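According to this note's numbering, the sequence shown is numbered sequentially starting from 489. Quick reminder that beta carbons are idealized off the backbone N, C-alpha and C, glycines included. Model, not experiment: these values are computed from the prediction. This report refers to the structure that appears directly beneath it.
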Amino acid sequence: MAKFDETEKRRIRFQTRRGLLELDILLGRFMEKEFQHLGDDELAVFVEILDLPDQEFLALVNRKETTDQLHFIPLLEKIRKA
């Protein structure tokens, strides 16, 4: 399991700046409300999700597509609720 120090968390925060306004808004809310509460396991999943192309990420968040990556689902729900 990866350990995320403050430098890694700053890198993750930077990666939440996306090319789509809709994602910027969703991720901005998520970062304000939930990011500081994520454990290392959830942060590792978040990094995987952030590696997705913007359109795919937005489609998953908006439930327009599904994923076979079942470990994404709990974090996608947190993003939706934020």
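| request: Rounded to whole angstroms, what's the CA-CA distance from Leu564 to Leu514? Just pull it up for me. | output: Position 76 of the sequence shown holds residue 564. Position 26 of the sequence shown holds residue 514. For Leu564 and Leu514, the distance between alpha carbons rounds to 11 Å.
| message | Rounded to whole angstroms, what is the Cα-Cα separation between Ile500 and Val535? | response | Here residue 500 refers to the residue found at position 12 when the sequence shown is read from its first residue. Here residue 535 refers to the residue found at position 47 when the sequence shown is read from its first residue. Cα to Cα, Ile500 sits roughly 7 Å from Val535.
| Continuous alpha helix (DSSP H) stretch holding Asp539: start and end | Within the sequence shown, the letter at position 51 stands for residue 539. Segment: none, Asp539 is in no alpha helix (DSSP H) and carries neither H nor E.
| task | Mind reading off the beta-carbon distance from Glu510 to Leu546? Whole number of angstroms is fine, and I expect it under 8 Å. | result | The residue labelled residue 510 in the question sits at position 22 within the sequence shown. The residue labelled residue 546 in the question sits at position 58 within the sequence shown. Between Leu546 and Glu510 the Cβ distance is about 6 Å, and since that is below 8 Å, they are a contact.
| task | Pick out whichever of Arg551, Leu538 and Arg568 has its Cα sitting closest to the Cα of Lys497. | result | As a first step, residue 497 must be located in the sequence shown, where it is residue number 9. When only C-alpha atoms are compared, the closest one is Leu538.
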